[in-house]
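Chains as they are written, first to last, in this note's numbering: chain A, 63 to 270; chain B, 10 to 617.
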């Protein structure tokens, strides 16, 4: 399908206006909403793969994600009409004391691109707020990010808070100073080394 | 111990065997860049081993080609010194004098608060039993004792008699700082310093005349422990020892600047009695040895914001006896004394226009004057404009490509001091990106066309598109005598997008916060070394400044941080004014603001 291939390409290149026009065409031609969505997800998967392989860098991901977002705004009502909803929900934010959110935003965008419903709590999120949002939204995963060694302990507090709340919500952590060892140490369910890996980990966590 | 001889300076130094060559370079005062902090990741610390034995190049293969390695090139951070070496570090220490001594803006009016007064005092006698300090008081024509530290008082009896009552009394306001040998020609000198995250610049003044005597600058030696404030704070947080090390490094650089400026002004460092320092809040904390830990994490609390007057010796800086150290007040954790100094220097805090002051350093600090109030914010531009994180990037020093353009259809570059091209500095980077956009070689998303695509878009420059180690790149300068070719890579352009996106988004959000448009701006003052030398047209073309700013409104104002710090050095009234500015400016926190995130992604794209 040439139109959808072009749409995938436009998102990959971050051509927002092209993506917007193409998704409009696809909707007008009454293509199946799910198929259109798949072509968008394919674009973000490709972005994720190349980002992980160091072939592309943060700006490309952000720009592609923005094109994706523009396309999704048009597609969303169509998806709703077709009864297509993201299967899984995540709550995401930077932990208490940390306002560095570029990494968190990348992960949020990539998760959206992978068809997760993302509830973004923003920055400087307290453990209680994470838990509350997870409970209210029935989230499958809580994703936390920290850029500083000084704010990392807030991840442990959040994980503990989730456990003592009795929620079954999974927890994922990431950020420059964070490691798999640290995730194991504090009992987080998963660790994403980069935005693309985070999506893979989230997928495997919810389907486990 | 192995002996290292540095070329071209000829400086020699002995180091213990096993010393890291990069450390040895830095200890010897060689300004070899190392933006990754000596971890073998950035490839910036290239030096050439002229003679002596070093092991083959291992690690970070892309940084050096086999032929370069064979010609003796090494990354200094990966070399352990085991025997005598002769090392060519290039002309790294010659930084362009980005310090404009002919500042515009507010003229300094020295208030002669710091002075060295020659006194020939009458000797005591049974007829005149005036006490020692009272004698000085009388000599100075004062009604009351000058303030005097106990430590000085304890030495007073000896000092007066040692000099036979012919002395110079050094005063700071009504405080006696020192009693020195009689020197009627003696001057009281002062040093104004701008401590940037990447570059430190100092200006020596005669405090009587307000005359600038000499300038000097250094790479901030703390940069080996991280090239932005967050990594540097992270390092300081390792403990007291790490924090003291950072303090020691910056004090060392101040000492060198002091010595160099004094030497070129034929003065002695002992004549310097006042040192005023402006810098961002982190640099301020690290200089004073304050714990910066709470600057890094929300809610971002600095230890102190107001201006601080202390003794230079308390931070370990040796200058004139009893010399005072003053730090310009800060506005918030991320808007520091440098922006206060900038507002002060151009009297922006009192003006009625809608004016923007943008200091594009590693931290982009932005102040806006509108409707009788002043606002400020800070965005993490990163060190790309100062040469770090750009593959062929370097500071604005000899051999840096500073201008890039097309003249009569032909590509050209200009380098600082017309030296052979060694790297690309911030202004050259800005020009290069503007040129690529103008020629259609770069699209609005920041994608650099490959050669085939380039042939259609811009045949005359298509041949400069090459396939580099990392992918598509634009050739800036061909290989020449030992220097590898210089090219701007796709990744470099991405780094540039992050940096300029942060600055432009900061400007936009700040304007939106106070309900203004870019078209309302009557003046846009670009400050800092980069800001002073960049081409305003390139800043607008690349979207470093957001769309809608009138080209005529953009002006370069030079090193405004240093300009304002010098005003504080020369006048107490100006220090009071700086205090008022720091108190009154409204700080706008950008991080975590959704509108900033969106603006950041928007501004990362290039204007079509």
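Quick reminder that beta carbons are idealized off the backbone N, C-alpha and C, glycines included.
Small disclaimer: the values here were computed from a predicted structure and weren't measured.
Closest Cα partner of residue 432 of chain B within the set B:398, B:446, B:419:
Nearest C-alpha to residue 432 of chain B: B:398.
What three-state label does DSSP hand residue 630 of chain B in the structure shown?
Nothing can be reported for residue 630 of chain B, as the shown portion of chain B is limited to 10 through 617.
Taking only three categories from DSSP, how would you classify residue 125 of chain B?
Assignment of residue 125 of chain B by DSSP, reduced to helix, strand and coil, places it in the strand class.
Whose Cβ in chain A lies nearer than 8 Å to the Cβ of residue 246 of chain B?
By Cβ distance, chain A contributes 211, 212.
Given this structure, state the Cα-to-Cα distance separating residue 108 of chain B from residue 590 of chain B, to the nearest angstrom.
Summary for residue 108 of chain B: the model assigns pLDDT 46, below 50, so the residue's position carries little reliability; its value from the coordinates is reported in the next sentence. Using only the alpha carbons, I get a separation of about 24 Å.
Using 8 Å as the cut-off, classify the Cβ of residue 221 of chain B as near or not near the heavy atoms of the ligand SAH, replying yes or no.
Only the bare structure without any ligand can be found here, which leaves the ligand SAH out of the picture.
With a threshold of 9 Å between beta carbons, is residue 455 of chain B in contact with chain A?
At a cut-off of 9 Å between beta-carbon atoms, residue 455 of chain B makes contact with chain A.
Per DSSP, residue 228 of chain B forms a beta bridge with which residues?
DSSP output for residue 228 of chain B lists B:208 as bridge partner(s).
Amino acids of chain D, ordered along the chain, whose beta-carbon sits closer than 8 Å to that of residue 121 of chain A:
In summary, chain D is missing from the structure at hand, where the protein chains are A and B.
Answer with yes or no whether the minimum CB distance from residue 23 of chain B to chain A is below 9 Å.
Answer no: the Cβ-Cβ gap between residue 23 of chain B and chain A never drops below 9 Å.
Which same chain residues, not among the five before or five after residue 494 of chain B, have their C-beta less than 6 Å away from its C-beta?
For residue 494 of chain B, where only same-chain residues beyond five positions count, the Cβ hits under 6 Å are 487, 488.
Taking Cβ positions, are residue 301 of chain B and residue 258 of chain B nearer each other than 9 Å?
With contacts defined by Cβ atoms closer than 9 Å, residue 301 of chain B and residue 258 of chain B do not form a contacting pair.
Compare the C-beta of residue 163 of chain A against all C-beta atoms of chain B and say whether one is closer than 9 Å.
For residue 163 of chain A, the closest Cβ of chain B is nearer than 9 Å.
Measure the C-alpha to C-alpha separation of residue 106 of chain B and residue 538 of chain B and round it to an integer number of angstroms.
Summary for residue 106 of chain B: the model assigns pLDDT 41, below 50, so the residue's position carries little reliability; its value from the coordinates is reported in the next sentence. Going from the Cα of residue 106 of chain B to the Cα of residue 538 of chain B covers about 9 Å.
Please state whether DSSP places residue 221 of chain B in a helix, a strand or coil.
Residue 221 of chain B falls in the strand class under three-state DSSP.
Would you check if the region 388–403 of chain B and the region 501–509 of chain B touch, i.e. whether three or more CB-CB distances between them fall below 8 Å?
These segments touch.
Straight-line Cα distance separating residue 27 of chain B from residue 61 of chain B:
For the pair residue 61 of chain B and residue 27 of chain B, the Cα-to-Cα distance works out to about 14 Å.
Based on the DSSP output, what are the partners of residue 564 of chain B in its beta bridges?
Bridge partners of residue 564 of chain B: B:534.
Please report whether the beta-carbon of residue 199 of chain A lies at a distance below 9 Å from any beta-carbon of chain B.
No, residue 199 of chain A lies away from the interface with chain B (no Cβ there is under 9 Å from its Cβ).
Using a Cβ distance threshold of 8 Å, determine whether the region 126–134 of chain A contacts the region 195–209 of chain A, with at least three qualifying pairs required.
Flag = no, the region 126–134 of chain A and the region 195–209 of chain A do not touch.
Taking the alpha-carbon positions, what's the residue 89 of chain A to residue 67 of chain A distance?
Cα to Cα, the separation comes out at about 14 Å.
Quick check on the DSSP output: the beta strand (DSSP E) that includes residue 218 of chain A runs from which residue to which?
Careful: residue 218 of chain A lies outside any beta strand (DSSP E), inside the alpha helix (DSSP H) at 215–227.
Using 9 Å as the threshold, is the C-beta distance between residue 150 of chain A and residue 261 of chain A below it?
If you check the CB distance, residue 150 of chain A and residue 261 of chain A do not come in under 9 Å.
Look at the alpha carbon of residue 610 of chain B and the alpha carbon of residue 135 of chain A, and state the distance between them as a whole number of angstroms.
Distance between the alpha carbons of residue 610 of chain B and residue 135 of chain A: 17 Å.
Would you say residue 117 of chain A faces chain B, with C-beta separation under 9 Å as the test?
Residue 117 of chain A counts as touching chain B.
Please report the Cβ distance between residue 37 of chain B and residue 90 of chain B, rounded to the nearest whole angstrom; I am assuming they are in contact, meaning their Cβ atoms lie under 8 Å.
Their Cβ separation, rounded to whole angstroms, is 12 Å, which puts residue 37 of chain B and residue 90 of chain B out of contact at 8 Å.
DSSP three-state label for residue 172 of chain B, please.
It is coil, neither helix nor strand.
Kindly indicate which residue of B:501, B:266, B:516 has the alpha-carbon position closest to the one of residue 224 of chain B.
If you compare the alpha carbons of B:501, B:266, B:516 with that of residue 224 of chain B, the shortest gap goes to B:266.
For residue 424 of chain B, I'd like the list of residues in its chain whose CB is within less than 7 Å of its CB, leaving aside the five on either flank, ordered along the chain.
The beta carbon of residue 424 of chain B sits closer than 7 Å to the beta carbons of 408, 409, 410, 411, 430 from its chain, once the five residues preceding and following it are set aside; these are given in chain order.
Name, in chain order, the residues that DSSP records as bridge partners for residue 420 of chain B.
Paired residues: B:415.
Mark residue 526 of chain B as exposed unless 16 or more other C-beta atoms lie within 10 angstroms of its C-beta, in which case mark it buried.
So residue 526 of chain B ends up on the exposed side.
Out of A:121, A:139, A:70, A:240, which one is the CA nearest neighbour of residue 164 of chain A?
Per the Cα distances, A:121.
May I ask which residues mark the beginning and end of the beta strand (DSSP E) holding residue 190 of chain B?
Where residue 190 of chain B is concerned, the enclosing beta strand (DSSP E) stretches over 184–190.
Taking a contact to mean a Cβ-Cβ separation below 9 Å, would you say residue 365 of chain B touches residue 376 of chain B in this structure?
If you check the CB distance, residue 365 of chain B and residue 376 of chain B come in under 9 Å.
Using only alpha-carbon positions, find the residue among B:161, B:140, B:11 that is nearest to residue 1 of chain B.
Limits of chain B in this structure are 10 at one end and 617 at the other, which puts residue 1 of chain B out of reach.
So, is the C-beta of residue 243 of chain B closer than 9 Å to a C-beta in chain A?
With 9 Å as the cut-off, residue 243 of chain B counts as an interface residue toward chain A.
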